[in-house]
Structures are given as structure tokens and as C-alpha cells.
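Engineer: Starting off with a structure, shown below.
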Amino acid sequence: MIAIEHLRHVDAAPARAARERYRAGSVAPTSGVAPGFTQANMIVLPRDWAFDFLLYAQRNPKACPVLDVSDPGSHATLLAPGADLRTDLPLYRIWREGKLAEETADARAAWAEHPDLVSFLIGCSFTFETPMAEAGIEIRHITDGSNVPMYLTDRPCRPAGRLHGNLVVSMRPIAPGRVADAATISGRFPAVHGAPVHIGAPDEIGIADLGKPDFGDAVRIEPGEVPVFWACGVTPQAAVMASGVPFAITHAPGHMFITDIPDSAYHA
């Protein structure tokens, strides 16, 4: 894999330091943390559900671009040698029968319930925020120190096996003169959601109120700014809820796994 090859030439100390903080118990959204290193969403499922999800991701690549898949029972990833997926994210969600049962900073106890768990790491739009910011495009949730707003849309994903659900999107308000630039820059990163899926008119995708996100925090939108929407890696959590998945572990929205892979590895 091209991403793994990049590990040979990269000093990933900032990414490792961030993971060590989270392993020690620090809890905070990861947007803007260890800039330049790829971040990933995560969903962990019993082996019996893993093929269904792999097919779901293949059918919905914009929302679920898979970066790595673990062996059953493993809590390691080639994207960050030495990392532990049970402890190295800042905040986890434990799901039972499609309902959120718990949020925790340490998933080891829940992980131990199933010996055959398969972990999926999925591209995250935080990855292209750094090049957008370097181009002078403000990332409002970073400016204001909040989590990115995420919304459940009325757009159904393609079902697969027992999994179904609607698309989740993240939103960033962009100055009208920079919308095309934001689309162009993010479009260069297809492995981490790529270009926007919708621009403006939130009601056209079933979002009634931008001030009430389904996940994350509402952000300030200045007069004239355009809401721009990207496919979001929280989409698997919407599928967990809609499909009544018996057991799953995910990242908490906005609290990602920071890999040792540089963003440039996923630049098309």
C-alpha cells in the first residue's frame, strides 16, 4: 500500500505524542492536532458483521473510504506501528442493539467481550483541513475551538447485507470566493472523502437547522458564508443505529485515530 511506504521516511513523533496523551486519558476533539498526519474514523465489529460492513463501505466509498482493516481479534494497525486501537483514541462509543450504551476513554473492557473483533479505519475529512488552512481558508471549528458540526441527511446509502442507513455529512462555512478552492483542495484527497457532496441549501439534503447538528457542535456562520458539506465517517454509526447492530465500538464523533501516515500519502 502506498500509505505504508511513506512510513519509511517520516518522523511521526507528533502523531505518537498525541496518541500517548489519549492513552493517558486526555479527551478532546482531534481537529487541528498533529497537523500533517492523516486522521481516521473507526468502527469495530464482530467478525460475523465484518463482511457486511466491508461490502457497505465498498458500495458507499465517498462516506466510508477504508484505509485499513485489522485481522480478527487484533487491536493493531499498519498505519501506526505500536499503537493500540483500544486506548489510543481520545473517546470511544460502545453500541448495543443499535443504541449508544456508553462513551469511554478506554475501550479495553468492551473489546474483551468479543474475541473476534475486526477494526475498520476510515478516511476523515480532518486530513484535508491542513492544506485548506495553508491556502488561507478558515476552518471555523478550529478557529473557535469546537468540534466540527455533523448532520444526518435524508440521502440513503446503498444497503449491504444487514446494513442500511442515511449519509452523514460534516459542514464547514466557507467564504463565497473560496468555495471553489475548498472543493478543489479537498477533491485532491479522494481517500479521505474528497470533494464536497453538497454546497449551500441544507434543506435540499434534509437538514432543517444548521444550528442543531446531530453530532459535534454548532459553529458560527458569518453573513454571506456558504455552508459546504462533505461526506462524513460518522455514516457507519448511522448504519449501526438504523440496522440495530448487536455490538459495535466506534470513535466518538470528532475524536479520531491519528495515524503515522502523512496527509501527502493520500493526495491524488
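Counting from 0, one number per residue, gives the positions in the sequence shown under numbering that gives the first Met the number 0.
We put the CB at the ideal spot given by N, CA and C, even for glycine.
All of these numbers come straight from a predicted model, not from anything done at the bench.
Buried or exposed for residue 38, please, with buried defined as at least 16 other CB atoms from any protein chain shown within 10 angstroms of its CB.
Structural biologist: Buried is the call here.
Engineer: What are the residues that DSSP puts in a beta bridge with residue 110?
Structural biologist: Residue 110 is not bridged to any residue.
Engineer: If the criterion is Cβ atoms closer than 9 angstroms, does the pair residue 30 and residue 101 meet it?
Structural biologist: Result no, Cβ atoms of residue 30 and residue 101 do not sit closer than 9 angstroms.
Engineer: If you follow the beta strand (DSSP E) that residue 230 is part of, which residue opens it and which one closes it?
Structural biologist: Run containing residue 230: 225 to 230, per the beta strand (DSSP E) assignment.
Engineer: In three-state terms, what does DSSP make of residue 9?
Structural biologist: Residue state, collapsed to three classes: coil.
Engineer: Specify whether the segment 162 to 181 and the segment 51 to 62 touch according to this definition: at least 3 beta carbon pairs, one from each stretch, less than 8 angstroms apart.
Structural biologist: The segment 162 to 181 is in contact with the segment 51 to 62.
Engineer: Excluding the 5 residues flanking residue 69 on each side, which residues of the same chain have their C-beta closer than 7 angstroms to its C-beta?
Structural biologist: Contacts found: 75, 76, 117, 118.
Engineer: Can you check DSSP and say which residues form a bridge with residue 41?
Structural biologist: Partner(s): 120.
Engineer: Taking the alpha carbon of residue 154 as the reference point, which residue from 230, 27, 56 has its own alpha carbon closest?
Structural biologist: When each option's Cα is compared against that of residue 154, the closest is 230.
Engineer: Can you give the beta carbon distance from residue 254 to residue 28, rounded, assuming they're within the 8 angstroms contact cut?
Structural biologist: So it is a contact: roughly 6 angstroms between Cβ atoms.
Engineer: Using beta carbons (cut-off 9 angstroms, strictly below), is residue 159 in contact with chain D?
Structural biologist: Absent here is chain D; the protein component of the structure consists of one chain.
Engineer: So, using beta-carbon positions, are residue 158 and residue 226 closer together than 9 angstroms?
Structural biologist: Not closer than 9 angstroms, so no.
Engineer: Three or more beta-carbon pairs under 8 angstroms between the segment 130 to 144 and the segment 236 to 250, yes or no?
Structural biologist: Judged by Cβ distances under 8 angstroms, the segment 130 to 144 makes no contact with the segment 236 to 250, as fewer than three pairs qualify.
Engineer: Taking only runs that begin and end inside the segment 229 to 254, name each unbroken alpha helix (DSSP H) of 4 or more residues, in chain order.
Structural biologist: Fully enclosed alpha helix (DSSP H) runs of 4 or longer: 234 to 242.
Engineer: Taking residue 73 as the reference, give the member of 107, 182, 152 with the closest Cα.
Structural biologist: Comparing Cα-Cα distances from residue 73 to each of 107, 182, 152, the minimum goes to 107.
Engineer: Check whether the Cβ atoms of residue 13 and residue 191 sit closer than 9 angstroms, and answer yes or no.
Structural biologist: No, they are not a contact pair.
Engineer: Using the Cα positions of residue 150 and residue 93, report the straight-line distance between them to the nearest angstrom.
Structural biologist: Taking the straight line from one Cα to the other gives about 20 angstroms.
Engineer: What number of angstroms, rounded off, separates the C-alpha of residue 0 from the C-alpha of residue 222?
Structural biologist: With a pLDDT of only 48 at residue 0, under the threshold of 50, the placement of this residue in the model should not be trusted; the figure read from the coordinates follows. Near 44 angstroms, if we compare the C-alpha coordinates of residue 222 and residue 0.
Engineer: How should residue 47 be labelled, buried or exposed, when 16 other C-beta atoms within 10 angstroms of its C-beta is the threshold for buried?
Structural biologist: Burial call: exposed.
Engineer: Label residue 235 either buried or exposed according to how many other C-beta atoms from any shown protein chain fall within 10 Å of its C-beta, with 16 as the threshold for buried.
Structural biologist: By the 10 Å Cβ count, residue 235 comes out buried.
Engineer: How is residue 214 classed by DSSP in three states: helix, strand or coil?
Structural biologist: Strand.
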